[in-house]
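For the first sequence, the tail end lands on 940 under this note's numbering, and the numbers increase by one without skipping.
Each residue gets a CB set at the ideal place from its N, CA and C atoms; glycine is no exception.
Just below is one structure, and these are the notes that go with it.
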Amino acid sequence: MQPNEHYRDILKEHLEFRKIQNTRYSLRAFARDLEIAPSNLSEILRGKQGISPQKAIQIASTLKLNKQESEYFTNLVMAHDARSKKDRNIAQRNLEKIKIFSEKKQLQEDTFKLISDWYYYAILELITTSDFKSNHKWIAKTLGLTTLEVDEAFARLLRLKLIKKTGGQYISTGIQLDTTHGVPSLSIKKFCQQILNKAMKSITDQSVDERELSTLTVAIHSEDLPVLKKKIQEFRNEFDRLIAKKLENKKANKVYCLSMQFFNLMENKND
DNA sequence: CGAGAGCGTTCAGTACATAC
DNA sequence: GTATGTACTGAACGCTCTCG
Numbered sequence: 670m671q672p673n674e675h676y677r678d679i680l681k682e683h684l685e686f687r688k689i690q691n692t693r694y695s696l697r698a699f700a701r702d703l704e705i706a707p708s709n710l711s712e713i714l715r716g717k718q719g720i721s722p723q724k725a726i727q728i729a730s731t732l733k734l735n736k737q738e739s740e741y742f743t744n745l746v747m748a749h750d751a752r753s754k755k756d757r758n759i760a761q762r763n764l765e766k767i768k769i770f771s772e773k774k775q776l777q778e779d780t781f782k783l784i785s786d787w788y789y790y791a792i793l794e795l796i797t798t799s800d801f802k803s804n805h806k807w808i809a810k811t812l813g814l815t816t817l818e819v820d821e822a823f824a825r826l827l828r829l830k831l832i833k834k835t836g837g838q839y840i841s842t843g844i845q846l847d848t849t850h851g852v853p854s855l856s857i858k859k860f861c862q863q864i865l866n867k868a869m870k871s872i873t874d875q876s877v878d879e880r881e882l883s884t885l886t887v888a889i890h891s892e893d894l895p896v897l898k899k900k901i902q903e904f905r906n907e908f909d910r911l912i913a914k915k916l917e918n919k920k921a922n923k924v925y926c927l928s929m930q931f932f933n934l935m936e937n938k939n940d
């Protein structure tokens, strides 16, 4: 029995994340950070080569995985690449144990991983608009995606039962996703970075009439931070309710994104 | 426009663990 | 003990990009 996930995908995800942070980041740079040869990494990612248990531990360490993630990663490697059948079986059994132990957390993480790209939410909203067409080419063009991305997205959304197809038309099931709150997972970070990139693009691509970008730079006291964060959440909820009220007697015809950032501008984050 | 740097990839060779 | 498979290394290739 094969593990559900391949360690190769974990490595690819980390590389992709670093590339988002730094567009000049490369496979070679990643290999340098992991302290392995670029040729080695290239072949690992292309599935032409495996990883030894020693390397797996070293990579988990350099990726700064926590104890559970590290254990999961090394067992994934062992389950695939251990030389002896005995070691592969042991690793496989360990993976089952880890899976049962963290089943709920894993489910939430897996769910968010599937929708960690910005366009999943955008597609779900686009479906509710008046001009929506259940045509992958039209959807791809509307959101600036490739048809392959749209194909994959709809396959996942159908699997997650977030949408259904009746009479050749996509319909939202209205099911809300319970994504992990406050968990600094790679998926959530990736989602936020993609949205920020979209916001940056809107500065040059969209007219002032189409968008609203505003910034407030302000000095605060750190003990007020929880109250201020709560206020932002309240505004977001109020904004959402207002939109819902406005759409009581008409259908939406645009998909917009409201993204708020409130963050520390000081390089030294210690008080 | 040429030089140099960096990129991803392939390939030959080596070392070592496992299977028989 | 030997054959086999494979992780790993380093050299090299062709390509792109940047800089002077």
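Residue span of the beta strand (DSSP E) that contains residue i, given as start and end
| i | result |
| --- | --- |
| GLN875 | Run containing GLN875: none; DSSP gives neither H nor E here. |
| LYS833 | 832-835 |
| SER753 | Counting along the chain, SER753 falls outside any beta strand (DSSP E), and DSSP gives it neither H nor E. |
Close beta carbons around residue i, own chain, < 7 Å, minus the five adjacent residues each side
| i | result |
| --- | --- |
| LYS859 | PHE686, ILE689 and SER785 |
| GLN671 | With a pLDDT of only 34 at GLN671, under 50, the local geometry of the prediction cannot be trusted, and the value read off the model is given with reservation. Nothing listed; no residue qualifies. |
| ALA822 | TYR788, TYR789 and ILE792 |
| GLU704 | GLN727 and THR731 |
Cβ-Cβ distance between residue i and residue j below 8 Å
| i | j | result |
| --- | --- | --- |
| TYR788 | LEU826 | no |
| ASN805 | THR798 | With the sequence shown as reference, residue 805 is identified as His, and Asn is not the correct amino acid for it. Contact: no. |
| ILE832 | ILE808 | no |
| PHE931 | ILE901 | yes |
| LEU710 | LEU732 | no |
Spatial neighbours of residue i in its chain, beta-carbon cut-off 6 Å, leaving aside the 5 residues before and after
| i | result |
| --- | --- |
| GLN718 | GLU712 |
Residue i classed as buried or exposed, judged by whether at least 16 other C-beta atoms fall within 10 angstroms
| i | result |
| --- | --- |
| THR842 | exposed |
| ALA700 | buried |
| PHE742 | buried |
| LEU894 | exposed |
| MET747 | buried |
| ASP750 | buried |
| ASN906 | exposed |
| TYR925 | exposed |
Residue range of the unbroken alpha helix (DSSP H) whose run includes residue i
| i | result |
| --- | --- |
| ILE679 | 676-690 |
| GLN838 | Per DSSP, GLN838 belongs to no alpha helix (DSSP H); it is in the beta strand (DSSP E), 838-841. |
| THR816 | 816-828 |
| ILE637 | Given a span of 670 to 940 for the chain in the structure shown, any question on residue 637 remains unanswerable. |
8 Å Cβ shell around residue i - same chain, five flanking residues per side excluded
| i | result |
| --- | --- |
| GLN863 | ILE689, ASP786 and TRP787 |
Within the region 682-742, ranges of the alpha helix (DSSP H) (whole runs, at least 4 residues): 696-703, 707-714 and 722-731
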